[in-house]
Structures are given as structure tokens and as C-alpha cells.
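Heads up, the thing below is written out as C-alpha cells.
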Amino acid sequence: MEEDDLFGQGTGEARDSLSSLQPRSCAIKIFSYLDVADLSRCARVCRSWKIIAQASSLWCKLNFYKVRNSVTDKVVTKLLLKCRPYLMHLNMRGCQQLSEISFISLAQCRNLQDLNLSDCLGVNDETIKIVAKRCKILLYLNLSYTSITDASIRTIAKWCSNLQYLSMAFCKNFTDRGLLYLACGKCSKKLNYIDLSGCLQLTPDGFKNLSSGCTSLQTLMMNDFPTLNDDCILPVAENCSKISTVSFLGSPLLTDEAFKKLAESKKLKKIKIDGNHRISDLSVKAIGACPELNHIYMTDCQRLTDASLKAIADCKQLVVVNFADCVRITVKGVRQLVEGQCAPSLRELNLTNCIRVSDLAMLHITKRCPNLTYLSICYCEHITESGIEMLGQTKLTSLDISGCNCGETGLSALGNNQRLRDVILSECVAITDLGLQKFAQSCKDLERLDISHCSNITDGAIKNLAFCCRNINYLNLSGCQLITDLSIQYLSGVCHYLMHLDISGCPLVTEKALRYLRKGCKKLRTLVIMYCKGIDKPHAQKIRRHVEDVQYSDDPIPSYFGYS
């Protein structure tokens with residue numbers, strides 16, 4: 059993105075309805091959905107569009123992420139100079155080519171409140187000093203994946219007295235001392251969100267430092283932290299009594315002691331943890347005593363049983379429940395959950411790989427959860443077509459039954475629920491063309507469909523899908539070995555909103571399919587063509603001119619595709 063891509067002369071006369079749209083705020087609202095590059099291009103269309111594009115309200119927010127690989131210091135400094143007085147939100151995530159010059163210009167934006175410098179190569183102690191000393195009203199600051207040290211944190215603590223949100227995720231160069239600076243800084247009492255995911259250099263002393271001053275913390279994000287233990291969490295739970303949201307994904311060392319301490323304040327609203335084989339039902343019992351709990355995500359926690367579901371059954375504000383891969387959960391636990399006071403408020407339920415759950419659980423769910431919109435029962439091998447048929451009578455808009463025993467009858471019954479927008483049927487090997495045809499004819503507003511590895515699906519099914527579900531924007535056909543270029547021709551002819559298509563491992567699809575996509579699917583943004591032996595590398599390179607994200611490999615089809 060060079061200087062010429064910014065504002066042209068815009069000397070042409072308006073000949074369009076947008077230019078004459080009244081009031082002018084309507085046209086400005088339409089332009090507000092454009093990113094920096096598109097907005098700049100629109101300014102070059104005509105004089106009228108240039109005037110609209112220069113409206114100050116459009117420049118209170120700048121997002122360089124889409125042009126991160128091409129944006130230069132020259133472009134950034136020019137744009138920042140233009141919108142300096144009213145810029146409040148700036149996203150420079152992933153901008154690798156920017157130097158100190160851009161940060162000097164950035165420092166002139168004194169009204170900046172929200173700044174994202176994640177994975178920005180030019181971020182260091184010196185550039186942070188330049189920005190922090192002048193942008194004193196910052197509320198949100200994202201420095202994840204940067205090379206900041208304790209010196210940067212000291213600068214932030216000294217100058218950013220209003221800071222409420224700080225992410226230092228995967229920053230490896232600061233130490234426990236940096237958290238002490240933060241706790242002693244001017245922002246310590248206002249800071250309510252901190253993300254320290256992946257900061258494995260921190261020790262329990264660092265968390266003691268943090269909790270000694272940042273007592274207003276409400277959200278703790280500590281994902282991908284395999285060394286995180288109770289000694290880290292206990293002082294935070296002791297001193298920060300307002301904590302309402304915690305995320306400990308990938309922290310296997312935490313025990314019941316940490317979660318019981320966190321729950322003592324009764325303030326917990328949202329909790330996420332996975333892959334922990336130490337916590338037990340005692341943790342969930344303590345968490346379930348928090349009256350405002352609305353989101354519980356405890357996946358692959360092998361010691362959790364039906365008692366955990368019973369413990370949260372009466373949380374009246376519960377909206378999301380995810381106990382995926384908790385293999386000791388049974389029908390009894392599901393019944394206890396949905397017979398509790400949480401049932402009317404429950405919107406999302408994930409029981410993926412809860413292998414002891416059966417059709418009876420589906421009966422309890424359909425009877426007791428009138429407002430459920432998302433359900434995942436992947437690989438629940440004891441759920442038969444009878445159980446799946448019941449789901450056709452619900453208000454579900456999103457359903458994942460990957461690997462389940464669903465065939466023509468079950469899929470036809472699902473079609474009775476015309477609210478469905480997002481359906482995943484991956485590895486439902488009993489599905490046939492006839493079942494998919496009946497389903498598509500009923501669910502004409504379907505937007506996302508995954509039928510990967512449904513090996514009986516042919517071009518006939520895709521033809522019906524294309525003509526019935528014309529609003530579909532995401533389609534995964536990976537591993538459907540019987541489909542050919544004809545399927546892609548059908549899709550390209552009528553599915554003009556298609557944005558994501560995966561045809562990996564489809565050996566009968568050739569480069570002819572790419573020509574169809576190029577002509578018919580103008581909105582296509584992601585195309586996955588792995589292991590397609592009918593498509594060579596030159597043709598894959600050619601489609602990259604028209605599709606933003608193309609994933610290609612000419613490797614042989616892997617054995618896990620199960621082809622004979």
C-alpha cells in the first residue's frame with residue numbers, strides 16, 4: 059500500500075445514488091464498513107465520494123491489519139497526520155515494516171484510547187516510551203507477541219494512568235519485576251483486564267507482585283501456561299476479590315485448591331479450563347455457588363462426573379456449558395443439568411465425545427431447554443438416529459453431530475428445524491444423496507455446512523444443495539471422494555455468497571473447477587485445495603490472484619482419509 063493508494067484527485071462528477079443519499083450520515087454509515095485500503099480507493103472515485111470518505115467520524119478508527127504486509131511508514135505517517143485530532147482506535151497488529159518514524163507520528167494522536175501493537179516488529183522499549191509519554195488517556199493496550207522488557211512496563215505504569223486493559227501475551231522478555239512496576243504504577247487501581255498467556259518466565263513471585271497492587275482485576279487470561287500452579291493463583295485470588303472471568307486453557311497443574319479460592323468471592327461469571335486431570339467435582343461445586351455464573355468451559359477434565367453438572371444446575375444465569383471430552387458424564391448428569399433452574403437460560407451446550415451420553419439425554423434436552431440455540435454431540439456413539447430425529451423439533455440454529463450415527467432418516471428429520479444456519483455433519487458416513495437432498499430442501503436459509511468425509515455424497519447431492527441453499531457462505535467437502543468438477547460448477551453458478559470452500563482430498567476435482575470458482579464465486583476468500591491430485595501447483599498459484607487465502611499441497615492423500 060503506497061502513497062498513491064490514499065487520496066486521489068476525485069474530480070469526476072457524481073452519477074450514483076450514494077452521492078445523493080440524504081441525509082449524508084447514511085452514506086457515511088455505509089462507508090464506515092470499509093477498511094483503510096477500500097476507503098482510500100473510494101475517495102478516488104469522484105469528488106462527492108471523496109468528501110464522504112473524508113468525514114471525521116470515519117477516521118476515529120484505523121485498522122491496518124488487512125494491509126499489514128504492505129503498509130509503510132510513509133502511508134502510516136500521512137494517515138495519522140490526517141486523522142490525528144479524532145483518532146481513538148488504532149490497530150497496527152502484524153505490521154512488520156514500520157519503524158520509529160511511525161511511532162513518533164502515532165504519539166501525536168493524543169486522543170487515542172485503544173491501541174493494538176500485537177506482533178508489531180517495531181515495538182521495543184524506546185517506541186513504547188515515545189507513545190506512552192504522549193498518549194496518556196489510553197484505556198486499552200495490546201502488546202502481545204512483542205519484545206517489550208521490564209523497562210516498557212515501567213514506562214506504561216508511570217504514564218498510562220487510565221489503563222484498564224493490558225495484554226502482554228507471549229512476551230518473553232519481561233520478568234517478575236515488571237509486574238511489580240505495574241502494581242506500583244498509576245494505573246494499578248484501574249487495571250481490570252490482564253492477559254499473561256504464554257509468559258512462562260513468570261514465577262509465583264511475579265503473581266504476588268501483581269496482586270499486591272492491581273486489586274481491581276476482573277479478568278485473568280493465562281492460557282498456554284503449562285507451568286502455572288496453585289502458588290501463582292492463590293495470592294491473586296486472595297487479594298483481587300473482583301475477579302469474574304478466568305481462562306486457564308493449557309494449565310494442567312492447577313488443583314481444586316485454586317478454584318475453590320477463586321470462587322470464595324462469589325463473583326465468578328465465566329471460567330475456562332481444559333486438559334486438567336487434577337481438578338475434581340469439588341472445583342465445580344465451588345464454582346456453582348457463584349450466583350452470576352453464565353459461562354463454564356471445562357473440557358478434557360477427566361475426573362469430572364455427573365456431580366459437576368448437578369452442581370451448576372441451579373445457576374439461573376447460565377448460558378454456555380461446555381464439558382467436551384469429559385468422558386465420565388452420563389445421561390444422568392445431563393438430566394440433572396436440564397432439570398435445574400438453568401434450563402430456561404441455557405443457549406449453548408457442548409457434550410462432544412461424552413461417550414456415555416445416549417438418546418435419552420436428547421429427550422431431556424429437547425423437553426427442558428426451550429431456548430437452546432447451539433448443541434454439539436460429536437462422537438457420542440450411543441446417540442442413534444432416533445436421538446437425532448428429536449433435534450428437528452428444537453430452536454437450534456447451530457448443530458454439530460460429527461461422527462454420529464446419522465443417516466437419511468435422521469438428516470431428513472433435522473430438516474424440520476428450518477432455523478438451522480450452521481450444521482456440521484463431518485464423518486457421518488451413513489449420509490446419502492437422498493438424505494442431504496431432503497435436508498437442503500427444508501433448510502433453505504443454511505449458511506454454513508460441513509459434510510467432510512461423508513464418502514457417499516456425489517455430484518447429485520451438491521446440485522440440490524447449491525440450488526436450494528443459495529445463501530451458503532461456508533462449505534467443507536474435504537474427503538468427499540466422489541464429487542467432481544460438476545459439483546463446483548453447480549456451486550459457482552448459484553452460490554454467489556460463498557466465502558470459504560474446502561475440497562481437500564477430492565481426487566476427481568481438476569483445475570477446471572478453479573475456473574468455475576473464479577468466474578462465479580466473486581466473494582470467495584478462503585480456498586483449501588490440499589491433496590487434490592487433479593490440480594497442479596501453477597493453477598493453484600493462478601487462483602491466488604483472485605482468492606485472498608489459498609491453502610495448497612500436492613502431497614499424496616494422507617492415510618487418515620481412509621481411501622482404499
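Just so you know, we're using the working numbering here: the sequence shown kicks off at 59 and counts up by one.
Positions of the beta carbon are idealized from the N, C-alpha and C atoms, including for glycine.
Following the DSSP letters along the chain, one finds residue 185 inside the alpha helix (DSSP H) bounded by residues 183-190. With a 10 Å radius around the Cβ and a threshold of 16 neighbouring Cβ atoms, residue 505 comes out buried. At the C-beta level, residue 556 and residue 549 come within 8 Å of one another.
Contact between residue 378 and residue 405 is confirmed by a C-beta separation of about 7 Å, below the 8 Å threshold. Counting the other Cβ atoms within 10 Å of the Cβ of residue 447 gives 16 or more, which makes it buried. Straight through space, the alpha carbons of residue 391 and residue 416 are spaced by roughly 12 Å. Annotation for residue 380: no alpha helix (DSSP H) segment contains it, though the beta strand (DSSP E) segment containing it runs 378-380. The three-state secondary structure of residue 477, taken from DSSP, is coil. For residue 230, DSSP assigns no beta-bridge partner whatsoever.
In this chain, the alpha helix (DSSP H) harbouring residue 467 covers 466-472. Judged by DSSP secondary structure, residue 580 falls outside any beta strand (DSSP E); it is assigned neither H nor E. Within the stretch 258-325, the runs of beta strand (DSSP E) at least 3 residues long that lie entirely inside it are, in chain order, 277-279, 303-307.
Shown here, residue 605 sits in coil according to DSSP, grouped into three states, outside any helix or strand. Collapsing the DSSP output to three states places residue 90 in coil. Runs of the alpha helix (DSSP H) lying entirely within the stretch 321-395, each at least 4 residues long, are 339-345, 364-369 in chain order. By the CB criterion at 8 Å, residue 240 and residue 268 fall inside the cutoff. Contact between the stretch 510-527 and the stretch 467-475 is not established, with fewer than three Cβ pairs separated by less than 8 Å.
Following the DSSP letters along the chain, one finds residue 523 inside the alpha helix (DSSP H) bounded by residues 517-526. At a Cβ-Cβ threshold of 8 Å, residue 456 and residue 479 count as neighbours.
Cβ atoms of residue 462 and residue 438 come within 8 Å of each other, at about 6 Å. Residues of the same chain with a CB within less than 8 Å of the CB of residue 158, apart from the 5 flanking positions on each side, are 180, 184, 185, 188 in chain order. Secondary structure note for residue 439: it is in no alpha helix (DSSP H), with a DSSP letter that is neither H nor E. In the DSSP assignment, residue 119 falls within the unbroken beta strand (DSSP E) covering 119-121. Checking the DSSP bridge columns, you'll see residue 506 partnered with 480, 532. Contact check between the stretch 146-164 and the stretch 125-132: three or more CB pairs, one atom from each, fall below 8 Å, which counts as touching.
For residue 409, no alpha helix (DSSP H) run applies, since DSSP gives it neither H nor E. A direct Cα-to-Cα measurement between residue 373 and residue 366 gives close to 12 Å.
Around the beta-carbon of residue 168, fewer than 16 other beta-carbon atoms lie within 10 Å, marking it exposed.
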